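Following: one structure in structure tokens, then a few remarks.
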Amino acid sequence: MTTRPPYQGPHRKLVLAFDVGTTFSGISYRLLTSILDPGEPPEIRGVTRYPAQEHVGGDSKIPTVIYYDKQGNVRAVGAEAMREGIEDEAEEAEWVKAEWFKLHLRPRTQSASHVTQKIPPLPHGKTAIDVFSDFLRYLHQCARTYIEETHANGVDLWRNLKPHTHFVLTHPNGWEGGQQSLMRKAAVMAGLIPDDTSGQERLSFTTEGEASLHYCIQSGLTNEAMRSGKGLLIVDAGGGTIDISAYRQTSQDAKSFEEMAPPQCHFQGSIFVTNNARNYLENFLKDSRFIGDVPYITKCFDKTTKLRFRSADEAQYIKFGTLRDKDTRLNIRSGQLKLNGTDVASFFEPSVQCVIKSIEEQCEASRTPIAVNCLGGFAASDWLYTKLKDAFTPKGLNVSRPDGHTNKAVAEGAVSFYIDHFVAARVSKLSYGTDVSVPYQPFNPEHLARSYNKYENLSGKTMISGLFDVILPKATKVAETAEFRHSFYRQARDAASLQTVTVDIMCYRGQNYKQETSECWFKDKDPSRFSTLCEVTAETSGYSFSPKYSGRGSNSYYEIHFDIILSLGLTELKAQVAWKENGVERRSPAEVVYDPNVEIQD
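Its first residue numbered 18, the sequence shown is counted upward by one per residue in the numbering used here.
Structure representation (structure tokens):
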């Protein structure tokens, strides 16, 4: 358990962290915890009362589910959307259920593309941002009700703290700036923050892996790994994604950690085990009278059989019907479907192998002994945990999963992320840079093979286009304040065309180049793996322009020299353009504009 210094801020402050998960969501804040009273050390707790929640005062999470009516109005959220009889009411009123909607925000990468056909579609007329904002609004109201009802003078307390509330939103390791931009828009739509600079400053993002690390540190779960000098690998196994991150301690006071390898994110959470079971059941029961019961049988598997599965050597049962439901040919007796344990194990196998492979890759990249901490709802699976122990205990890796309410780890860790900042350095997940042209080299075989891309610029130089200039290489360790910059120039016939400079920031997601070094690459070697991440714009009207001449005629041109600066900051990529005006460096605002079409409409 870490000891925090007293809060030294000028006024009381409320920190609210929302963990919107694929299947379950939670809220953490300070109730004598993240309400940072001057002079009082902050302790972190969570909201444990929600409307219609069965386990009153004990559950830290609610289902990530929303029902909409035909007019698009919210009718039920969270536990209210799962109460007894809701399905009949929804069917009669023609309500539409939105679930797993978080996955509609996923990055458009090949590693995420396989989930497209496996997640429910969004309600008609609703975007992922719409649904996400409605859910954030509900969580915000739940937090308000809880604080107002729990604190003495809670109504006044909430009203006074409202303008001093800082929000932290969590997301999978694989989410990028585009997803953060969409979540920020949803936060504005939900009324959490105003859509201005002051509002933006009251919203932070952290990855689920880093939030889980903070939870482990502040809960004392990293003490043994730190005493033995081992690195720590966090496996946050949730409903939709499995996030894997490796860290090591950089100081003896347990307050400074750094990433050891690029964090990973895989769409192999527990919902995909259920999907595999459903596919099996649809095929197994396709010619029987039970085919129409597959959705319900799958639901029963998800709620019972999946959770208690421990051995592939024993038969498994899904109880779904009554004593009258019987078909011995299908191993159905007294309303129970009997499955071979090996078949159930096969439902888990893609997720199990994914986690094992990822841990191996993180260990190889980290090159240090690792202790493995498994958190998240999927980590409660005895089968998953046993398979990880079997794979890594013989190799000397200690695999553990903390006791207690680890389903609240991400939300609590997100508050700690904002308060404690235990991670001092992170590792870049991708190679970042921009599209460039370089001087043509007539004796370079790479240039000769692409001579069709050569051209003469305004200064008379022969250039070749189609290259990617790496500014921030993949797997680079980046401190919070570190900046990476490269110099560029741009030419135009008239100075007015250069008074605004817009640069596309690109990234490379493939493996065909050595990414740990800064160099220019021809994009046509792996074109599908390059993508535009965002753009950054600078107003350079104060730049001192003087006409230049190429020496091949009287036509003049103008030229501006500038630097592109990239930094990871906390967990958000920042890009800026810098240039000199009268010897003084000027910079564009530290914000970027992401592709407005980044949101997926499946």
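Ideal placement from N, C-alpha and C gives every residue a C-beta, glycine not left out.
None of the values given here were measured: they were computed from a predicted structure.
Between residue i and residue j, is the Cβ-Cβ spacing less than 9 angstroms?
{"i": "A294", "j": "T315", "result": "yes"}
{"i": "K446", "j": "P279", "result": "yes"}
{"i": "F434", "j": "S221", "result": "yes"}
{"i": "L405", "j": "V453", "result": "no"}
{"i": "K143", "j": "T39", "result": "no"}
{"i": "G216", "j": "A254", "result": "no"}
{"i": "S245", "j": "L324", "result": "no"}
{"i": "V495", "j": "L585", "result": "yes"}
{"i": "F318", "j": "D342", "result": "no"}
{"i": "G257", "j": "L590", "result": "no"}
{"i": "T81", "j": "S42", "result": "yes"}
{"i": "T451", "j": "V372", "result": "no"}
{"i": "I335", "j": "T345", "result": "no"}
{"i": "Y525", "j": "F485", "result": "yes"}
{"i": "C233", "j": "A426", "result": "yes"}
{"i": "Q281", "j": "G191", "result": "yes"}
{"i": "A492", "j": "A382", "result": "yes"}
{"i": "E500", "j": "L583", "result": "yes"}
For residue i, I'd like the list of residues in its chain whose CB is within less than 7 angstroms of its CB, leaving aside the five on either flank, ordered along the chain.
{"i": "Y402", "result": "C391, A396, R418"}
{"i": "F326", "result": "Q333, V361, W400"}
{"i": "D541", "result": "G483"}
{"i": "L209", "result": "L153, H157, F184"}
{"i": "L238", "result": "N390, P419"}
{"i": "L139", "result": "A115, F118, H121, A145, V148"}
{"i": "N348", "result": "L354, K355"}
{"i": "A160", "result": "L33, I44, Y46, V64"}
{"i": "G171", "result": "I164, E165"}
{"i": "E331", "result": "G358"}
{"i": "W175", "result": "R161, I164, E165"}
Within 10 angstroms of the Cβ of residue i, are there 16 or more other Cβ atoms? Answer buried if so, exposed if not.
{"i": "D260", "result": "buried"}
{"i": "D436", "result": "Rather than Asp, the amino acid found at residue 436 in this sequence is Ile. Under this definition I436 is a buried residue."}
{"i": "L49", "result": "Confidence in L49 is poor, its pLDDT being 40 and thus under 50, which makes the residue's placement too unreliable to answer from."}
{"i": "L465", "result": "exposed"}
{"i": "A555", "result": "buried"}
{"i": "A169", "result": "exposed"}
{"i": "H283", "result": "buried"}
{"i": "C537", "result": "exposed"}
{"i": "K320", "result": "exposed"}
{"i": "Y449", "result": "buried"}
{"i": "T223", "result": "buried"}
{"i": "A242", "result": "buried"}
{"i": "G309", "result": "exposed"}
{"i": "S375", "result": "buried"}
{"i": "A513", "result": "exposed"}
Which residues in the same chain as residue i place their Cβ atom closer than 6 angstroms to its Cβ, once the five residues preceding and following it in sequence are excluded?
{"i": "R567", "result": "The sequence given here places Ser at residue 567; Arg does not occur at that position. If we look at S567 and ignore the five residues flanking it on each side, its Cβ neighbours are S476, G477."}
{"i": "L250", "result": "A263, Q379, I387, V389"}
{"i": "I146", "result": "L199, K202, A203"}
{"i": "G559", "result": "E598"}
{"i": "R604", "result": "Q593, A595"}
{"i": "G135", "result": "In the sequence on display, residue 135 carries Lys and not Gly. Excluding positions up to five away in sequence, the list reads N292."}
{"i": "R92", "result": "Y84, D86, W112"}
{"i": "A96", "result": "Y67, A69, Q70, I79"}
{"i": "G89", "result": "G142"}
{"i": "S236", "result": "none"}
{"i": "Y574", "result": "L475, Q508, R510, K565"}
CB of residue i to nearest heavy atom of the ligand COA: below 8 angstroms?
{"i": "I582", "result": "The ligand COA is not part of the structure shown, which contains no ligands of any sort."}
Can you find a C-beta in chain B that's less than 9 angstroms from the C-beta of residue i?
{"i": "P80", "result": "Structure shown: chain B not included; a single protein chain is present."}
Using C-beta distances below 8 angstroms, list every residue in its chain close to residue i, excluding the 5 sequence neighbours before and after it, in chain order.
{"i": "R350", "result": "K343"}
{"i": "Y313", "result": "F337"}
{"i": "V311", "result": "R295, L298, E299, L302"}
* Asked: At a cut of 8 angstroms, does the region 565-584 reach the region 594-604 through at least three beta carbon pairs?
  -> In short, these stretches touch, since the Cβ pair count reaches three.
* Are the region 224-232 and the region 428-436 touching, with three or more C-beta to C-beta distances below 8 angstroms? -> The region 428-436 and the region 224-232 touch, with three or more beta-carbon pairs separated by less than 8 angstroms.
* Asked: Just checking, does the region 31-45 make contact with the region 151-160 on the three C-beta pairs under 8 angstroms criterion?
  -> Contact holds: three or more Cβ-Cβ distances are below 8 angstroms.
* 3 or more residues per run - each beta strand (DSSP E) lying fully within the region 211-276 -> DSSP assignment within the region 211-276 yields the following whole beta strand (DSSP E) runs of 3 residues or more, N-terminal first: 220-224, 248-254, 259-266, 274-276.
* Spell out a yes or no on whether the region 477-488 and the region 549-560 are touching, meaning 3 or more CB-CB pairs, one atom from each, closer than 8 angstroms. => No, because fewer than three Cβ pairs between the region 477-488 and the region 549-560 fall closer than 8 angstroms, the two stretches do not touch.
* Asked: Between the region 352-365 and the region 287-303, do at least 3 Cβ pairs fall closer than 8 angstroms?
  -> Contact holds: three or more Cβ-Cβ distances are below 8 angstroms.
* Uninterrupted beta strand (DSSP E) stretches inside the region 267-325 (no shorter than 3 residues) -> DSSP runs (the beta strand (DSSP E)) wholly in the region 267-325: 274-276, 281-283.
* Which parts of the region 451-512 are runs of the alpha helix (DSSP H), unbroken and 4 residues or longer, counting only runs that do not cross its ends? -> DSSP runs (the alpha helix (DSSP H)) wholly in the region 451-512: 462-465.
* For the region 357-403, which segments carrying the alpha helix (DSSP H) assignment without a break, of at least 4 residues, lie completely within its bounds, in sequence order? -> Within the region 357-403, the runs of alpha helix (DSSP H) at least 4 residues long that lie entirely inside it are, in chain order, 358-383.
* **Secondary structure, beta strand (DSSP E): runs of 3+ residues fully inside the region 322-353** => Segments of the beta strand (DSSP E) lying fully in the region 322-353: 333-336.
* Give, in chain order, every unbroken run of the beta strand (DSSP E) that is at least 3 residues long and sits entirely within the region 533-572. => The qualifying runs are 537-539, 547-556.
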